[in-house]
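Novice: Residue numbers (this note's numbering), protein chains in the order written: chain A, 4 to 195; chain B, 4 to 195.
There are 2 protein chains.
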Amino acid sequence: MDRHILPVPLDKAYRLLNHGPTVLVSSHHEGVDNVMAAAWACALDFAPPKLTVVLDKSTATRALVEGSGRFAIQLPTAGQLALTHAVGNRSLRSDPDKLERSGVAFWHAQDDRLPLVAGCSAWLACRLVPEPHNQQAYDLFIGEVTAAWADERVFRDGHWHFEEADPRWRSIHHIAGGHFYAIGEPMRAGEA
Amino acid sequence: MDRHILPVPLDKAYRLLNHGPTVLVSSHHEGVDNVMAAAWACALDFAPPKLTVVLDKSTATRALVEGSGRFAIQLPTAGQLALTHAVGNRSLRSDPDKLERSGVAFWHAQDDRLPLVAGCSAWLACRLVPEPHNQQAYDLFIGEVTAAWADERVFRDGHWHFEEADPRWRSIHHIAGGHFYAIGEPMRAGEA
């Protein structure tokens with residue numbers, strides 16, 4: 004584990020996702036690792052922290068999530084734009100070398116097999132909260148966050164520090180077809 | 004209707020929400036209008052376009068959504084930061100003058116009573132897709148988008164143009180406690 008990666012208290016975990024970044028969804032089942040990109044991930048609750056993510060039936064990652072009941076949501080950085088686009092446009096089903104060809108390396112928390120993508124800014128390890136109707140009708144999956152980490156070079160003391168970090172640490176926000184925006188400048192709402 | 008507000012084709016409506024902005028949720032029921040802020044809104048499907056939004060049981064807006072079966076999701080701009088913070092921190096239940104005091108003005112599409120917040124960058128009118136278990140267990144509401152509009156000064160021809168528009172048009176992305184980030188600069192992922 005990189006010395007810059009620090010645990011995030013669970014009561015602050017929603018802050019990692021609250022600004023709506025595009026994420027990477029990773030999972031492991033029966034010896035197979037995979038990761039995909041997803042723009043449709045969202046916080047759902049504070050305590051215990053929960054989130055939603057949409058996983059299309061065509062994705063190989065979805066089968067790993069359903070098989071293992073676990074997944075990780077992580078935030079790729081502006082420096083990982085090409086990696087994000089690559090894992091979002093290649094499938095392990097048609098391209099067995101997807102991970103190597105996309106430049107993905109994993110790290111693991113202690114002896115956990117859940118694959119975490121190296122170089123991201125934050126990670127949320129999740130336990131699937133089974134909701135078969137949502138999964139079948141809407142491709143909508145609910146996860147309860149069981150652990151979270153962030154790179155202290157961009158998130159520390161419960162706050163993002165995008166404005167002080169190197170621009171390659173900015174979160175990325177997909178629109179369509181390879182068009183993204185990086186997160187921008189901080190704004191503070193005064194007391195109303 | 005402002006001359007700058009143009010319809011967005013339903014097959015492009017997901018692009019209004021894909022980059023994860025904080026939104027305003029408005030509704031009308033039996034003579035009562037209200038609007039609240041929500042960071043937890045997310046696209047759910049392309050065609051027909053659907054979205055999810057989390058509405059806490061304590062909110063007055065939720066009762067209007069449940070009563071009428073309709074709501075609108077709209078994107079406040081950086082210029083509406085104070086308005087967004089105000090409608091997110093005041094409740095119609097304890098402050099009957101909430102809307103006036105927060106500086107909210109509505110517009111309406113033709114003779115529809117659904118209130119749309121003036122000055123936003125985009126609007127999605129939604130029909131509630133009733134899912135009582137999600138609503139009760141998770142405060143999670145699903146909407147099907149029935150119409151969408153955007154201000155052509157910042158979204159036109161199916162694309163956001165934040166980088167060319169006045170900075171006050173940027174979408175805003177809440178972290179916690181009045182701390183927001185504006186959306187930043189465009190990035191283009193090359194062919195992998």
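C-beta: ideal position from N, C-alpha, C; glycine also.
Please read all numbers here as calculations on a predicted model, not as lab measurements.
Is there contact here, the region 77-86 of chain A with the region 76-89 of chain B, by at least three beta-carbon pairs under 8 Å?
Specialist: Flag = no, the region 77-86 of chain A and the region 76-89 of chain B do not touch.
Novice: If you measure from the beta carbon of M190/B to each beta carbon in chain A, is any gap under 7 Å?
Specialist: So yes, M190/B belongs to the interface.
Novice: Let me know the secondary structure DSSP gives E166/B once reduced to three states.
Specialist: Reduced to three states, the DSSP call for E166/B is coil.
Novice: Just to confirm, is the Cβ distance from A125/B to S105/B under 7 Å?
Specialist: No, they are not a contact pair.
Novice: Out of L13/B, V35/B, A112/B and I178/B, which one is the CA nearest neighbour of E69/B?
Specialist: Residue V35/B is the option with its Cα nearest to E69/B.
Novice: Run the CB neighbour count on E166/A, radius 10 Å, all protein chains shown included, and call it buried at 16 or more, exposed below.
Specialist: Exposed, by the Cβ-count rule.
Novice: Along the chain, where does the alpha helix (DSSP H) that runs through R65/B open and close?
Specialist: R65/B -> alpha helix (DSSP H) spans A63 to S71.
Novice: At the 7 Å Cβ level, is H129/A part of the contact set with chain B, yes or no?
Specialist: Here residue 129/A is Cys; the residue named in the question, His, does not match the sequence. Cβ-Cβ to chain B under 7 Å: no for C129/A.
Novice: Strictly under 7 Å for the Cβ-Cβ distance: is I178/B near chain A by that measure?
Specialist: Interface residue, yes.
Novice: Grab me the residues of A195/A's own chain with a C-beta within less than 8 Å of its C-beta, minus the 5 sequence neighbours each way, in chain order.
Specialist: Note that A195/A has pLDDT 39, beneath the 50 cutoff, so the model's placement of it is unreliable and the number below is only indicative. Taken in chain order, the list of residues that qualify is empty.
Novice: Please confirm if W110/B has its CB atom under 7 Å from at least one CB of chain A.
Specialist: No, its Cβ sits nowhere closer than 7 Å to a Cβ of chain A.
Novice: With DSSP as the reference, label T55/A as helix, strand or coil.
Specialist: Here T55/A sits in strand by DSSP.
Novice: So what does DSSP say about R103/B, is it helix, strand or coil?
Specialist: Per the sequence presented here, residue 103/B reads as Glu, with Arg not at that position. Helix, per DSSP.
Novice: Rounding to the nearest angstrom, what Cα-Cα distance links T25/B and Y184/A in this structure?
Specialist: If you take the alpha carbons of T25/B and Y184/A, they lie about 15 Å apart.
Novice: Buried or exposed for D154/B, please, with buried defined as at least 16 other CB atoms from any protein chain shown within 10 angstroms of its CB.
Specialist: The residue in question, D154/B, is buried, as its Cβ has 16 or more Cβ neighbours within 10 Å.
Novice: Could you give the DSSP three-state label for Q113/A: helix, strand or coil?
Specialist: Three-state DSSP puts Q113/A in coil, outside helix and strand.
Novice: Could you tell me the alpha carbon to alpha carbon distance between H164/A and V107/A, rounded to whole angstroms?
Specialist: If you take the alpha carbons of H164/A and V107/A, they lie about 25 Å apart.
Novice: Could you work out which residues of chain B lie near G34/A, taking near to mean beta carbons separated by less than 9 Å?
Specialist: Per Cβ cutoff of 9 Å: no residues; G34/A is ~26 Å from chain B at best.
Novice: Looking at chain B, which residues of the region 50-67 of chain A have a Cβ within less than 7 Å of any of its Cβ atoms?
Specialist: Under the 7 Å Cβ criterion, the region 50-67 of chain A contributes T55 and V57.
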